[in-house]
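The next block holds one structure in the form of structure tokens; read it before the comments.
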Amino acid sequence: MESSFLAMGKASIWDIGTFSFRKQITSNMVFNKRLLGGFIMNVKKMREGDQINETSFKNSIQMFKVLKLYSILEKVILYESAKFYEQQSKILFLNGNVHEYLYYVRQRMKFEGEKMAPYFQIKTKDSLLKLVKSELIDKNADIIWKMFEQSFVTENVMLTDNKFRAQSLKSLYYFLVNMDSIELLQILIGSYYEGNLAFIKNAHDWYGLVNSLVQLKGEINTIVEGDYEDENSILKIKETWHRRIGKFVSENVTIIEFIANVINEFMRTPENSPEVWQKFEQNLTNFLSCMEDKTIFRVLYTSDLIKRLLFNETSGLEYERHLGNIISAWMEEGFSKKLDIMLEDMNTSKKINNSFRNSHCELDVNVNILTLNNWPNYLTNFVSSMLSIKNAFNNIIARENNNKLKVLKWHHGLDRCIVEATYPKGTIQVDLSLHSTLILLLFNDLKTVSKLSYKEIKNSINLGEAFEPSFHIITNTDRFYINERLLLNDLKMFNGTPITIHDLEVNKKFKEVQGVRITRQIAEYRAIQLESLIMKIIKPEKKIHINELIDRVLSHPRFDWAMVNMYLKIDEKYLIYLP
Numbered sequence: 093m094e095s096s097f098l099a100m101g102k103a104s105i106w107d108i109g110t111f112s113f114r115k116q117i118t119s120n121m122v123f124n125k126r127l128l129g130g131f132i133m134n135v136k137k138m139r140e141g142d143q144i145n146e147t148s149f150k151n152s153i154q155m156f157k158v159l160k161l162y163s164i165l166e167k168v169i170l171y172e173s174a175k176f177y178e179q180q181s182k183i184l185f186l187n188g189n190v191h192e193y194l195y196y197v198r199q200r201m202k203f204e205g206e207k208m209a210p211y212f213q214i215k216t217k218d219s220l221l222k223l224v225k226s227e228l229i230d231k232n233a234d235i236i237w238k239m240f241e242q243s244f245v246t247e248n249v250m251l252t253d254n255k256f257r258a259q260s261l262k263s264l265y266y267f268l269v270n271m272d273s274i275e276l277l278q279i280l281i282g283s284y285y286e287g288n289l290a291f292i293k294n295a296h297d298w299y300g301l302v303n304s305l306v307q308l309k310g311e312i313n314t315i316v317e318g319d320y321e322d323e324n325s326i327l328k329i330k331e332t333w334h335r336r337i338g339k340f341v342s343e344n345v346t347i348i349e350f351i352a353n354v355i356n357e358f359m360r361t362p363e364n365s366p367e368v369w370q371k372f373e374q375n376l377t378n379f380l381s382c383m384e385d386k387t388i389f390r391v392l393y394t395s396d397l398i399k400r401l402l403f404n405e406t407s408g409l410e411y412e413r414h415l416g417n418i419i420s421a422w423m424e425e426g427f428s429k430k431l432d433i434m435l436e437d438m439n440t441s442k443k444i445n446n447s448f449r450n451s452h453c454e455l456d457v458n459v460n461i462l463t464l465n466n467w468p469n470y471l472t473n474f475v476s477s478m479l480s481i482k483n484a485f486n487n488i489i490a491r492e493n494n495n496k497l498k499v500l501k502w503h504h505g506l507d508r509c510i511v512e513a514t515y516p517k518g519t520i521q522v523d524l525s526l527h528s529t530l531i532l533l534l535f536n537d538l539k540t541v542s543k544l545s546y547k548e549i550k551n552s553i554n555l556g557e558a559f560e561p562s563f564h565i566i567t568n569t570d571r572f573y574i575n576e577r578l579l580l581n582d583l584k585m586f587n588g589t590p591i592t593i594h595d596l597e598v599n600k601k602f603k604e605v606q607g608v609r610i611t612r613q614i615a616e617y618r619a620i621q622l623e624s625l626i627m628k629i630i631k632p633e634k635k636i637h638i639n640e641l642i643d644r645v646l647s648h649p650r651f652d653w654a655m656v657n658m659y660l661k662i663d664e665k666y667l668i669y670l671p
């Protein structure tokens, strides 16, 4: 029977025998049906969990291969498998439990791949797995999806216990991966999360708000718990939703203002127990972990911190330092150092003010000595009555050995003055910034009928661009005077307490002013970041083409075209680096 002993072109006895056997099988339909029927019966028994003679089963398949009848066997296997799983899907759908159905699908896919497929050729294995997926998932995709929608909406899967929720999400994930539609997972759970975000947006309890955010992130983490075949896809969904929550919190000024106000009030409280501090720290840390971009929070926190320090409304510098360390862990590099300088300035100011009061006890004035570039700074001219105080402080600074290298730059934007305004019908007290006070002092010696033009006011106090009106209805020729028609009867509601410029409704509503302040400070902060980024790019390379510079700056997510073009046009000092 060895082929080496056969003449070329001559059929062997084996070939002649197998050919005759194959012809006999294909021509005898009864025998053919019984042979294939017995084989299919063994396949069905295996799928139902019954034991068969595996040796006989393997020999049967080998016989079909040798007789070159395997293609016939394959067609029968696929046809009968399609009928079997079509019937099984109908039976399982009567139960109506989508999770049990998909669990069955996973088990059948595993069984066909590990138990049945090894008996057949690779081509048959692939066709068999595709057939099972087609019969159990693809052809029933609409029904399965509707069952999932009902499960997630009607049964409210997201509010059930973690074990059942994890099972549901894993089943859904398996279904969507097999449908090549994993992105639908975000759509299905999106309505639930969006509803929670809307609830969080309107929350007024700071602990409840933060707990809701943490719980929401925890529910997203539940999705990725367990054994997933495609971990990259499911992790991308987790990251996408975490970023979505972080972006929602970062851009929601209402939430951030609310949290900033809570922090401000907490730090103004004289005494807080260690237990209260511990709870506060944990809640603050959880909140910061939920924010992607902390720019707005940084602006509001820094602004409130400055007011607490300069107006002496803080519960203590050590508490401020402790809080600053917590927040610094979530901020950009250099934030902690800036806070340390600000707090050190407060200690220095306290010492110098004590020296000033010892020398000029007749003056009730408090001045803060602040490090340049770590606090907001403005330019101003002082009236003569205040110049003497300024000179007195200069003399004290000069006498201090450790202050000889310091030069005073006078800042007034955050200082407050209680101004007593006397009218024919009485006197009121108004709480104003030093800037507003300087303007009012110009009218102090004027007669009732006298007026000052906008240009005269601007020149007298050296009004900077930051304080120029943002609207265009005021011109240099406009003239201003004291409003004698202000009736004190309209101000009785304040019960003798100093009123603010906002109480008088002079210009804009507080929210508008707050919005402008935040926008301006964010713009200034990002301009500094942009300058730092440009210098990091161009300094090592000495020369860089402008298009490449712009492309590399734009790769940073904080900057867009408008900002880059504006900056490159204004700050021409960088053009020396551009060929």
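In the numbering used here, the protein residues as written are 93 to 671. Note that the Cβ used here is the ideal one computed from N, Cα and C, for glycine as well.
Given this structure, state the Cα-to-Cα distance separating residue i from residue j, to the nearest angstrom.
i, j, result
"Lys547", "Gly518", "31 Å"
"Ser407", "Glu373", "16 Å"
"Asn554", "Lys339", "41 Å"
"Asn187", "Leu194", "12 Å"
"Ile351", "Asn445", "33 Å"
"Met478", "Glu363", "37 Å"
"Phe131", "Lys231", "27 Å"
"Leu409", "Met383", "26 Å"
"Phe535", "Leu544", "8 Å"
"Trp422", "Lys386", "8 Å"
"Trp369", "Thr394", "20 Å"
"Lys115", "Ser181", "39 Å"
"Ile461", "Glu640", "44 Å"
"Glu357", "Pro366", "17 Å"
"Val354", "Phe403", "18 Å"
"Leu264", "Ser148", "40 Å"
"Glu204", "Phe176", "13 Å"
"Lys150", "Tyr171", "20 Å"
"Gln396", "Asp297", "Gln is not the amino acid found at residue 396; the sequence shown has Asp there. Looking at the two C-alpha atoms, the distance is approximately 20 Å."
"Gln199", "Lys309", "31 Å"
"Glu192", "Lys207", "21 Å"
"Asn375", "Ser420", "15 Å"
"Leu392", "Ser342", "12 Å"
"Arg139", "Met133", "10 Å"
"Leu538", "Asn483", "27 Å"
"Lys628", "Ile236", "54 Å"
Relative to the C-alpha of residue i, which residue among the options is closest?
i, options, result
"Tyr196", "Ile629, Ser219, Lys225", "Lys225"
"Ile520", "Ile510, Asn356, Leu435, Met133", "Ile510"
"Arg390", "Leu435, Ile348, Ile553, Val302", "Ile348"
"Ile433", "Leu415, Ser451, Thr463", "Thr463"
"Asp218", "Met201, Ala233, Phe156", "Met201"
"Leu380", "Leu301, Ile566, Val122, Glu357", "Leu301"
"Lys167", "Leu128, Lys136, Phe149, Lys137", "Leu128"
"Leu228", "Lys207, Ser173, Glu206", "Ser173"
"Asn378", "Asn483, Leu305, Ile169, Glu424", "Leu305"
"Ser451", "Ile481, Phe267, Ser542", "Ile481"
Ignore the nearest five residues each way along the sequence and tell me which others in residue i's own chain have a CB closer than 7 Å to its CB.
i, result
"Ile214", "none"
"Gln143", "none"
"Tyr411", "Met359"
"Lys443", "none"
"Ile418", "Glu373, Leu376, Thr377"
"Thr440", "Ile461"
Residue i bridges to which residues according to DSSP?
i, result
"Leu544", "Phe572"
Just to confirm my understanding: we take residue i, look at its own chain, exclude 5 residues before and 5 after, and list those with CB closer than 6 Å. What are they?
i, result
"Phe485", "Val459"
"Leu401", "Met438"
"Leu165", "Phe156"
"Ser552", "Leu534"
"Glu405", "Arg360"
"Ile153", "Tyr211"
"Gly674", "As displayed, the chain neither begins before 93 nor continues past 671, which places residue 674 out of reach and without an answer."
"Met239", "Val190"
CB-CB under 8 Å to residue i, same chain, minus the five flanking residues each way: which ones, in chain order?
i, result
"Leu532", "Val511, Ala513, Leu524"
"Ala209", "Thr216, Lys217, Leu220, Leu221"
"Ile549", "Ile531, Leu534, Leu555, Phe572"
"Ile566", "Tyr546"
task = Return the chain-ordered ranges of every alpha helix (DSSP H) run that is complete within the segment 414-462 and spans a minimum of 4 residues.
result = 427-451
key: Segments of 3+ residues assigned as beta strand (DSSP E) that fall wholly inside the segment 167-228   = none
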